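Working notes, beginning with the structure itself.
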Amino acid sequence: MSLWIFDTDHVSLIQREEPLLAQKLKKINTSLIAITVITVEEQMRGRLNNIRQASQSGKEEQIIFAYANLRKTVDFYRIRKLLDFDRAASTRYTELIRQKIRIGTRDLRIAAIALSVDGILVGHNC
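Numbering (our numbering) for the sequence shown: 15 to 140.
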């Protein structure tokens with residue numbers, strides 16, 4: 015069976031425990047659900063930016079919340095199947111660039127990873 019690979023927007027919905035998506039996920043074998051390192055990158059950039067902004071504000075509660083959110087994100091990825099942007103994905107990415115597909119760079123990298131493993135990409139740009 016193919017892997018179900020979730021884009022960053024859908025991972026955010028999973029993390030927020032969006033009810034409709036949570037219900038659908040119960041029907042999928044968890045060993046078939048994967049996330050890419052591109053999504054990890056996007057979320058980590060966001061979390062680190064939140065920490066930076068909170069630190070600059072000097073507001074203790076914002077700083078505590080920002081670090082707690084970083085911890086939740088790390089814990090979330092610890093138990094997930096992560097897919098790399100490897101040589102096969104890079105080759106697919108180059109092919110997609112040549113096709114002049116008009117989506118963002120990171121979304122295109124996620125798509126390339128999905129293609130490289132013959133996965134099913136779940137996202138808004140699909």
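By construction, the Cβ of each residue, glycine as well, lies at the ideal position given by its N, Cα and C atoms. If you're wondering where the values come from, they're calculated on a predicted model, not measured in any experiment.
- Of all C-beta pairs linking the segment 126-140 to the segment 92-105, three or more are shorter than 8 Å, placing the two stretches in contact.
- Segment contact: the segment 19-35 against the segment 119-131, three or more CB-CB distances shorter than 8 Å; contact assigned.
- Beyond the five residues adjoining it in sequence on each side, Arg120 comes within less than 8 Å, by CB distance, of Thr22, Ile52, Glu55, Glu56 in the same chain, given in chain order.
- Nearest neighbour of Arg61 by Cα position, chosen from Ala82, Ala48, Leu110, Gln37, turns out to be Ala82.
- The DSSP-derived three-state label of Phe99 is coil.
- Under the three-state reduction of DSSP, Leu39 is assigned to helix.
- Runs of the beta strand (DSSP E) lying entirely within the segment 85-135, each at least 3 residues long, are 95-97 in chain order.
- Here Ile65 is not near Leu46, since their CB atoms are 8 Å or more apart.
- Fully enclosed beta strand (DSSP E) runs of no fewer than 3 residues occupy 47-50 of the segment 45-82, in order along the chain.
- DSSP places His24 in the uninterrupted alpha helix (DSSP H) bounded by 22-29.
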